[in-house]
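Count the first sequence with my numbering and you get residues 117 to 420, in order.
Below is one structure, written out as structure tokens; the observations come after it.
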Amino acid sequence: MIRIGYPCINRTLKCRPDKTFRLSSFSKSLFIEKVENNLKCLLEILDFNFKNQIYFFRISSDTIPFASHPVNRIKWELIFKDILTEIGKKIKEYNIRVGMHPDQFVVLNSPDNEIVKRSIKELLYHLKLLESLDTKRDAKIQIHIGGAYGDKKSAIERFIKNYNKLPSSLKERLVIENDERLYTLKDCLYLSERLGIPIVADYFHYRLNNCGERFGEILRDVIKTWRPEDGPPIIDYSSQKGLTKLGRHTQRINLKNFAIFLEEIIKIDSDFDIMLEIKDKEVSAIIAINFLKRKGLWKDPVSI
DNA sequence: TCACGTCAAGCAGAT
DNA sequence: ATCTGCTTGACGTGA
């Protein structure tokens, strides 16, 4: 079974779930106003997703603004307990898988211990949000391995050392993703062997940065890093952005390219959750789902 | 109401 | 040295 998802915001709906503000204007009332907006919007998005058979969604890291910043000592998980519970119930009722992707400032393998500390605080925020929604360990927190600092070998060892210091509740949720410049899927597989961490294969990053292997071939090793409790393996699929120097981001999914990508993965006997990192988000997700239906590759998980 | 300077955080590669 | 991309614009002051 293949499910399709999209990240963070829905452009069809009027609401936005990632409203934030400047640090300089931080106040409890502004914070509460934004969080309330973001959580209500998340509810709307879940309704939209269910109606459109989108059973996979990435929750914005901006849902709780400045969640890991020292100025923020507000107990949001208590203040918003009711709506967080309501969101959690919808996620379960709709059978939607959620996850999060902390931004580039989370670097577990930095040589600067302060950066590592801040990164862990930020990861603990992501964990707290996913736990407050009563999700299980299939709701993943997806990170990159980090920098190389001119010495990739020791940077990898530093990742291992720091990862091993994390609480197990966090380790259960973390997954690593290959990036477009430094760490390939092969590097991720090495880390997974050492740590038992599952791997998100990013197809676009793979195309920019690989060791000459076929995607479908290395994917067979990648899916072995996922245990049943982790949920189906996640693949990130994105468009040409970054390849063209013109700043031309593909606005919409290109079904010809998507079909080539699907060819690679449908040969493998596994479920997949595919995150579409495409500019028009839910529109392309619906197009992709309709494409899967036409190809006979779609099963509605609710009707099974 | 709108223009526009700037926004918590890291890193690497291009310019 | 500075800018850019990364999941991607949008906050909010000042006119």
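The C-beta atom is built at its ideal place from N, Cα and C for all residues, glycine as well.
What are the boundary residues of the alpha helix (DSSP H) that includes I203?
Its alpha helix (DSSP H) spans residues 197-210.
CB-CB under 6 Å to P314, same chain, minus the five flanking residues each way: which ones, in chain order?
Closer than 6 Å at Cβ, skipping near neighbours: V291, T341, W342, D346.
With DSSP run on the structure shown, which of helix, strand or coil describes D337?
In this structure, D337 counts as helix in the three-state DSSP scheme.
Whole angstroms are fine: how far does the CA of A255 sit from the CA of E152?
Answer to the nearest angstrom: the Cα atoms are 22 Å apart.
Keeping to the same chain, check which residues put their C-beta closer than 7 Å to that of K205; ignore five residues upstream and five downstream.
Excluding sequence neighbours, K205 sits near nothing in its chain.
Between the beta-carbon of G481 and the beta-carbon of I384, is there less than 9 Å?
Look at the range of the chain in this structure, 117 to 420, and you will see that residue 481 is not part of it.
Which of the three DSSP states, helix, strand or coil, is assigned to Y241?
Y241 falls in the helix class under three-state DSSP.
Excluding the 5 residues preceding and the 5 following L359 in the sequence, name in chain order all residues of the same chain whose CB lies nearer than 7 Å to its CB.
At L359, the pLDDT of 46 sits below 50, so the modelled position is not reliable; the number obtained from the coordinates is stated separately. Correct list: empty, nothing qualifies.
Take R336 and list the residues in its own chain whose beta-carbon comes closer than 7 Å to its own, dropping the five residues that flank it on each side.
I384.
So what does DSSP say about E288, is it helix, strand or coil?
Coil.
Please tell me whether N278 and I212 are closer than 9 Å, where the distance is taken between their beta carbons.
No.
Expressed to the nearest angstrom, what Euclidean distance is found between the alpha-carbon atoms of A401 and I382?
Taking the straight line joining both Cα atoms gives about 18 Å.
First and last residue of the beta strand (DSSP E) that includes S354?
350-354 is the span of the beta strand (DSSP E), which, as asked, contains S354.
At a cut of 8 Å, does the segment 177-190 reach the segment 133-152 through at least three beta carbon pairs?
Cβ pair count under 8 Å is three or more, so yes.
Leaving aside the five residues before and after L239 along the sequence, list all residues of the same chain whose C-beta is less than 7 Å from its C-beta, in chain order.
Cβ within range, chain order: P218, V222, I257, L286.
Any heavy atom of the ligand NAD inside 8 Å of the beta-carbon of R330?
Judged by which ligands are present, the structure shown has none, so any question about the ligand NAD falls away.
What are the start and end residues of the alpha helix (DSSP H) that includes H217?
Per DSSP, H217 belongs to no alpha helix (DSSP H) and is neither H nor E.
Would you tell me roughly how many angstroms separate the C-alpha atoms of V214 and N373, rounded to the nearest one?
In a straight line, the C-alpha of V214 is about 26 Å away from that of N373.
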